[in-house]
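Here the structure comes first, spelled out in structure tokens, and everything after it is commentary.
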Amino acid sequence: MRWLNSILATCQFEFINFLSLQRLAVSIILAGFPPVMLSLIFLGFQFSGDSPENPLFITLLFVSISCLLGMLLWATPNIYSELEGKSWIYVASRPRGRVSVILGKYLAAVLFGFVVCFVAITGCIAATQILSGSLRSPVWVWFSMNCLYLIACASYGAVYSLIGTMFYRRAMVIAAAYTLLSGMFLANIPAVVSRLTLRYHLQFIGLNWFGNEMALREDVIVTHYLLNEAPSTIFHLACLGLVILVALGFAIWVVKTREYATSDET
Amino acid sequence: MIELDQVTKLYGTVIGVNDISMTLEPGTYGLLGPNGSGKTTLINLILGQLKPTLGHVRLFGRNPWSRDSLLRDIGLCPASEVAFPRVTGYQWVKYMIQMHGFSSQTASQMATKSLTQVRLDHAMHRPMQNYSLGMRQRAKLAQAIAHEPHLLILDEPFNGLDPVGRMEMIQFLRNWGSEGRSLILASHILHEVEAVHPSFLLISGGRLLASGSPEQVSSILANTPNRVRIRCSQARLLASHLMGHPSVEEISIHPPDRGENGEVLHIETCSAAQVYDALPSLLVENGIEIYEMRSADESLGHLFATLMKIHRGESQGGTLI
Numbered sequence: 000m001r002w003l004n005s006i007l008a009t010c011q012f013e014f015i016n017f018l019s020l021q022r023l024a025v026s027i028i029l030a031g032f033p034p035v036m037l038s039l040i041f042l043g044f045q046f047s048g049d050s051p052e053n054p055l056f057i058t059l060l061f062v063s064i065s066c067l068l069g070m071l072l073w074a075t076p077n078i079y080s081e082l083e084g085k086s087w088i089y090v091a092s093r094p095r096g097r098v099s100v101i102l103g104k105y106l107a108a109v110l111f112g113f114v115v116c117f118v119a120i121t122g123c124i125a126a127t128q129i130l131s132g133s134l135r136s137p138v139w140v141w142f143s144m145n146c147l148y149l150i151a152c153a154s155y156g157a158v159y160s161l162i163g164t165m166f167y168r169r170a171m172v173i174a175a176a177y178t179l180l181s182g183m184f185l186a187n188i189p190a191v192v193s194r195l196t197l198r199y200h201l202q203f204i205g206l207n208w209f210g211n212e213m214a215l216r217e218d219v220i221v222t223h224y225l226l227n228e229a230p231s232t233i234f235h236l237a238c239l240g241l242v243i244l245v246a247l248g249f250a251i252w253v254v255k256t257r258e259y260a261t262s263d264e265t
Numbered sequence: 000m001i002e003l004d005q006v007t008k009l010y011g012t013v014i015g016v017n018d019i020s021m022t023l024e025p026g027t028y029g030l031l032g033p034n035g036s037g038k039t040t041l042i043n044l045i046l047g048q049l050k051p052t053l054g055h056v057r058l059f060g061r062n063p064w065s066r067d068s069l070l071r072d073i074g075l076c077p078a079s080e081v082a083f084p085r086v087t088g089y090q091w092v093k094y095m096i097q098m099h100g101f102s103s104q105t106a107s108q109m110a111t112k113s114l115t116q117v118r119l120d121h122a123m124h125r126p127m128q129n130y131s132l133g134m135r136q137r138a139k140l141a142q143a144i145a146h147e148p149h150l151l152i153l154d155e156p157f158n159g160l161d162p163v164g165r166m167e168m169i170q171f172l173r174n175w176g177s178e179g180r181s182l183i184l185a186s187h188i189l190h191e192v193e194a195v196h197p198s199f200l201l202i203s204g205g206r207l208l209a210s211g212s213p214e215q216v217s218s219i220l221a222n223t224p225n226r227v228r229i230r231c232s233q234a235r236l237l238a239s240h241l242m243g244h245p246s247v248e249e250i251s252i253h254p255p256d257r258g259e260n261g262e263v264l265h266i267e268t269c270s271a272a273q274v275y276d277a278l279p280s281l282l283v284e285n286g287i288e289i290y291e292m293r294s295a296d297e298s299l300g301h302l303f304a305t306l307m308k309i310h311r312g313e314s315q316g317g318t319l320i
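Line by line, the protein sequences give chains A and B.
Take numbering that gives the first Met the number 0: the final residue in the first sequence is number 265, and no numbers are missing along the way.
Take numbering that gives the first Met the number 0: the final residue in the second sequence is number 320, and no numbers are missing along the way.
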């Protein structure tokens, strides 16, 4: 219970600290970017008297960009922001300080990230329905997509927290490199190695939950399921849960056993 | 309470602290050293924030490295400034208390109590960004004492305080010590630390050069080159007698400050102690009245220069550990 108090206190403190115009502006841009882009695409097609083949795929693409950028911004600099703000020694000299900073900031980043995704998804689904009405069960898609991005925020947040803890001086660069390498490169390799990426598991959960709405070509779906032996949603959730636990556990171990020397040492 | 056994801390090839051994029993200690002397590194080693490259540190009988539970009994007021733009002093202190595992309600009460104790209650709901340096210093002190630690460690606590604030801080620290709780006060200003009446730990270049009571530190100074300022009646007569003294190198006479009587003698000496020994008989025999006498060179820079000389074997005298 005492641990929970400290973690929630850090999360609450992050929320108070978060409410700056700059950060809110970034959040609004990230949340507004997917629906605005989707609406522009719809309007572009309307001018040519056509409609996009797969609006849900475009939604996933833009919301994923917002989600990843948000998590990169909020989960990665967990230690560096404390060192830069010279507040690290204050939290580190508390019995629960180090662990609370990792878990409390992780929790806050997941919540910030999810709020951005929630707004973006809601805007995208609304835009899709208003401008094309192509979704057969929009409420289910909206709900399952929110669940998917909550899991995505939690998974990427955990990995970025670990990167922020291990490589705090170059955390953003390394996290961005990891995202590009794993999300753009490894996940697209049609081999077992793609299973090691978060995107692989998130992709399959999405496909299982609302794949029927995505108007994917039948051969794509068949290839996916044949190649990957049709793993169940539970399997993917368990894999992501394991990643979260391992990443956060390792981050806690690192933060508890590592020296974070500040420039103040004299 | 604290034991350091041949502790050395290296930052790459830079030495933070160099082969320090000491044992501190509960009490009040002034950790004195010029900027960059290793005070903060030593504090971080004691707190277990840094791991010694060589040697061993024991805090309350246990190795503090990665031993978070030991931090419950310690209050730290670091030198670094924090200023969260939208966070009030109360919110910050409460958050710091919650890091000890206290519930929100208990932390609220403790935050209010400690902020009142440091006389910041009138401004505790204002954003810290709007605080003056002195107010931030008080907020830092509040977060350090809120959980009622056994050992309070303050790193440069007088920074940014106006004279009234300094006096209040000194009074607070004296009270803290008189209540039987332990205190380590790190500073580079001798007279501020001296006012708290601690035992001294003198550190420079990462080395512990000397330790002891204020009297022992004064005795080190008394036996080293110094400048003595004496305001007295018949200053010229006293100067003529002192001119023949072997330890006196130079004497100059100055008018007193406005509102003061007598004249001021500045005596350059190679051993202030010998001048002090000679003075009583001279004063009595010649009927000279002394209004004020102090050593003008009792600055930390001079003290450390002297200690470094003693440490290197270039000078005699003083009590080195």
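Heads up, the beta-carbon is just placed ideally off N, CA and C, and yes, glycines get one too.
> Going by Cα to Cα distance, which pick from G164/B, G100/B, S20/B, Q215/B is closest to V56/B?
Replying inline: S20/B
> Tell me, which residues are paired with D154/B by DSSP?
Replying inline: A185/B
> Measuring CA to CA, which of W73/A, W2/A, V90/A, F46/A is closest to A153/A?
Replying inline: W73/A
>> If we define contact as Cβ-Cβ less than 8 Å, is K112/B a contact residue for chain A?
In response: no
> When the Cα atoms are used, what is the spatial distance from R137/B to K93/B?
Replying inline: 14 Å
>> Going by beta-carbon coordinates alone, are R235/B and R293/B separated by less than 8 Å?
In response: no
>> Using the three-state DSSP reduction, which class does E264/A fall into: helix, strand or coil?
In response: The pLDDT assigned to E264/A is 48, lower than 50, so where the model puts this residue is not dependable; a value taken from the coordinates is nonetheless given after this. Coil, per DSSP.
> If we count the other Cβ atoms within 10 Å of its Cβ and call it buried at 16 or more, is M166/B buried or exposed?
Replying inline: exposed
> Residues of chain B with a CB under 9 Å from the CB of K104/A: which are they?
Replying inline: What K104/A touches in chain B: nothing, since even the nearest Cβ is about 13 Å away.
>> Helix, strand or coil for P126/B? Go by DSSP, reduced to three states.
In response: strand
> How would you list, in chain order, the residues of chain A whose beta-carbon sits under 7 Å from the beta-carbon of E80/B?
Replying inline: K85
> Is the Cβ of D67/B closer than 8 Å to any Cβ of chain A?
Replying inline: True, the Cβ-Cβ gap to chain A drops below 8 Å.
> If you run the structure through DSSP and keep just helix, strand and coil, what is V195/B?
Replying inline: coil
> Would you say F83/B reaches chain A, if we count a Cβ-Cβ gap shorter than 8 Å as a contact?
Replying inline: yes
> Shortest alpha-carbon distance to K104/A belongs to which of F14/A, A24/A, R198/A, E258/A?
Replying inline: F14/A
>> Tell me the residue span of the alpha helix (DSSP H) that contains N43/B.
In response: First-last of the alpha helix (DSSP H) with N43/B: 38-46.
>> Quick check: what's the CA-CA separation for P76/A versus A250/A?
In response: Straight across, the Cα-Cα distance linking P76/A with A250/A is about 13 Å.
>> Using beta carbons (cut-off 8 Å, strictly below), is Y89/A in contact with chain B?
In response: yes
> DSSP on Y259/A, reduced to helix/strand/coil?
Replying inline: Coil.
>> Could you tell me the alpha carbon to alpha carbon distance between N4/A and I101/A, rounded to whole angstroms?
In response: 14 Å
> Going along chain A in order, which residues have a C-beta closer than 7 Å to the C-beta of R71/B?
Replying inline: P94
> Closer than 8 Å, CB to CB, is V92/B near chain A or not?
Replying inline: no
> For S65/B, does the count of other Cβ atoms within 10 angstroms reach 16, so buried, or fall short, so exposed?
Replying inline: exposed
> If we cut at 8 Å on Cβ distances, does P156/B have a partner in chain A?
Replying inline: Any Cβ of chain A closer than 8 Å to the Cβ of P156/B would place that residue at the interface, and such an atom is absent.
>> My parser needs the alpha helix (DSSP H) runs of 4 or more residues fully inside the region 124-167 of chain A; what are they?
In response: Counting only runs of 4 or more, we get 137-165.
> Going by DSSP, what residues sit across from M21/B in a beta bridge?
Replying inline: L3/B
> Given a threshold of 16 other Cβ atoms within 10 Å of its Cβ, counted over all protein chains shown, does W141/A qualify as buried or as exposed?
Replying inline: buried
> Which partner residues of R137/B appear in the DSSP bridge assignment?
Replying inline: DSSP, once it has assigned bridges, lists no residue as partnering R137/B.
>> I'd like the list of long-range same chain contacts for R1/A, defined as Cβ closer than 8 Å, with 5 residues on each side in sequence excluded.
In response: R95
> Do the region 14-33 of chain B and the region 197-217 of chain B make contact, defined as three or more Cβ pairs closer than 8 Å?
Replying inline: A contact between stretches requires three or more CB pairs, one per stretch, nearer than 8 Å, and the region 14-33 of chain B meets this requirement with the region 197-217 of chain B.
> Cβ atoms of R93/A and M95/B: under 8 Å apart, would you say?
Replying inline: yes
>> I'd like to know if T256/A contacts chain B, where contact means its C-beta is closer than 8 Å to some C-beta of that chain.
In response: The Cβ of T256/A sits closer than 8 Å to at least one Cβ of chain B.
>> So, does the region 0-12 of chain B touch the region 117-124 of chain B, judging by three or more C-beta pairs under 8 Å?
In response: no
> Counting contacts by CB-CB distance shorter than 8 Å, is T265/A in contact with chain B?
Replying inline: Here the model assigns T265/A a pLDDT of 47, short of 50, so the residue's position is not dependable, and the following value carries that caveat. Interface residue, yes.
>> Would F101/B pass as an interface residue toward chain A - the criterion being a Cβ-Cβ separation below 8 Å?
In response: yes
> In whole angstroms, what separates the C-alpha of F17/A from that of A24/A?
Replying inline: Taking the straight line joining both Cα atoms gives about 11 Å.
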